[in-house]
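What follows is a short report on a single structure.
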Amino acid sequence: MTSSSIRSARKDGDHFENDKGGEDLERTSASDSQQQLIPRVRYPLRLAEAPILLPRPGRCEDLPAQINNPCSTFSSDTGTGASSKKRRGASPVKTTTMLRGLSTPFLYANIAVDDPRSRLPEDIHRLFLEVGRITSRESFIPSSVRKQVSELVDEDRVRTWWFFDDQSPDDALAELLQLRRIQADAQRCRRLVLSEAAWNLDVHGPLLRLGAVRTDGRVEREIITSARIAPQFLPTIDGKERTNVEGKMVDFALVLNLGYDALAELDVNRFQGKEVDKAGMDEATAEVIRRAVRAQPLGQQTINQTLYTGLQYRPAPVNVETKVSGIPEEGRVQLGIWTAAWRIRMLTFLDLQNQQRSLITLPLILVVEHQWYLLFACDRGDHMQILGDIRIGDTSTLLGLYSILAVIREVAKWLDEDFRHWFLDAFSGVAGDA
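Residue numbers (the UniProt record's numbering): 1 to 434.
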């Protein structure tokens, strides 16, 4: 078996472009077809299996595509999604400019090109440097699949510094096959102009889960399209009325397991003979936190800004908003509102003001069709500043997928290490005073 037949890992009837300047991946040589490394795979349509991902009401897809946003790094092409009828009046918060009117203003700005770290808080510098390494295409592909990757992209473009030694050949090949499947699904979704639910099910969801899988269940990807902000944590506009955020939800979250909530994942790894890392998974501490959550007033018995059961006891600081049309402004608004509500919850649950603590800088992810972007929400005391947008890859090319996957893994590592330390330290300050 050889690696060249990886090109055949596609859906019947589908074809997609590879990284060789758009060359059809179905074009394989006669010699390649004589050997098989990975069998041909059929991909059934799976939308019916995941009703949680059906389009939710109030997605505001009928907002105008042309939005004047001076800090936007996206194009403003007209979207192709059908307009949806709103059951209630439109939200008063429609653009990022209007987020300036929140009780704690949210300001969007482009990250500095010449010295970006000068604008970022120190607590996020390590993650930012790792993201910069990856987006510069340094050490982001396993070396054990170098031969296969070189065959799938233009060999003249391949650079030695792309590759790193990390995985076993079997793991790296399995990962490559998964990325090729995601690439095929992404191009099919784009070609057929499929819904946001289809993109989430076949492209964004699998890629996020693949990025979190190495943490042995300590960090997990959750689909939160049905999670709504609890009324008590809705941000106010100019200190008066609560915002009307009907439809202002996000699609995914990366969550932190504080205790042994991921026993199934741990057991699977044990069954496969893999070493399990329980670092940071302190069940005694997790139980103290659960009791603290249950002791909260009625309607606030959650560690996050939502009463959604799946997020009741697991912090969810990293949120992902996906769009299928060229309207990134709406995605920024949704991330801004969601983060503003999460900040309100952290201020009360962790009593940050009395502890004289700032909110840790949060990485946020915005996806517009194939393109993935990273933003940082920075606590400036009297306001929040969201810096972006850093392009981290795309789902239309193999190199773009490897880049996204590497960034997601660094974000998961930040959540498992930096955020875990910050959260538990802040919680110990509250528990110690109780």
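We treat Cβ as the ideally placed atom computed from N, Cα and C, and that holds for glycine.
Under the three-state reduction of DSSP output, L194 falls in the coil class, being neither helix nor strand. In the structure shown, Y402 falls within a helical segment according to DSSP collapsed to helix, strand and coil. With contacts defined as CB atoms closer than 8 Å, L374 and L179 fail to qualify as a contacting pair. A direct Cα-to-Cα measurement between F163 and S139 gives close to 5 Å. CA-to-CA, the gap between R345 and F233 works out to about 6 Å. Cβ-Cβ distances below 7 Å link R409 to G211 and R214 in the same chain, with the five nearest sequence neighbours on each side left out; the list follows chain order. DSSP, read as helix, strand or coil, puts V288 in helix. Membership of M346 in the alpha helix (DSSP H) is indicated by the continuous run P328 to F349. Here the segment 375-395 lies against the segment 104-118, with 3 or more beta-carbon pairs under 8 Å apart.
Inclusion of I237 and G101 in the CB contact set at 8 Å is warranted, their separation being smaller than that value. In the DSSP assignment, Q353 falls within the alpha helix (DSSP H) that extends over L352 to Q355.
A direct Cα-Cα distance of roughly 13 Å separates C189 from V368. Of the candidates R357, V333, F423 and V324, V324 places its Cα closest to the Cα of R191. Per the coordinates, the alpha-carbon of E220 lies some 12 Å from the alpha-carbon of P317. Judged by DSSP secondary structure, T135 falls within the alpha helix (DSSP H) whose first and last residues are H125 to T135. At a cut-off of 3 residues, the continuous stretches assigned as beta strand (DSSP E) that sit fully inside the segment 363-387 are 371-379. By the C-beta criterion, the segment 295-308 is judged to be in contact with the segment 330-342, since at least 3 inter-stretch pairs fall below 8 Å. Taken atom to atom, the span from the alpha-carbon of R291 to that of G381 is near 30 Å. For A212, the enclosing alpha helix (DSSP H) starts and ends at G205 to A212. Around the beta carbon of R294, fewer than 16 other beta carbons lie within 10 angstroms, which makes this residue exposed. Between the alpha carbons of N354 and S226 lies a distance of about 33 Å. Among the bridge pairs identified by DSSP, V318 is matched with L254. The Cβ atoms of H204 and T322 sit closer than 8 Å to each other. Scanning T285, A284, Y313 and D282 for the CA closest to the CA of Q296 turns up Y313. For L152, the enclosing alpha helix (DSSP H) starts and ends at R146 to L152. Selection Q300, L311 and G259 evaluated against A286 yields G259 as nearest (Cα-Cα). Counted as a single uninterrupted DSSP element, the beta strand (DSSP E) harbouring R221 occupies residues V219 to I223. C-alpha of I360 to C-alpha of R119: approximately 15 Å in a straight line. Burial is judged here by how many other beta carbons sit within 10 angstroms of a residue's own beta carbon; L152 has at least 16 and is buried. By the CB criterion at 8 Å, Q334 and V250 fall inside the cutoff.
A distance of 8 Å or more separates the beta carbons of A230 and G310. A Cβ-Cβ separation of about 5 Å places S143 in contact with D165 under the 8 Å criterion.
Annotation: N319 to R209 spans about 13 Å, alpha carbon to alpha carbon. The three-state secondary structure of T236, taken from DSSP, is strand. Looking only at D185, D123, L194 and R218, the smallest Cα-Cα distance to P206 is reached by D185.
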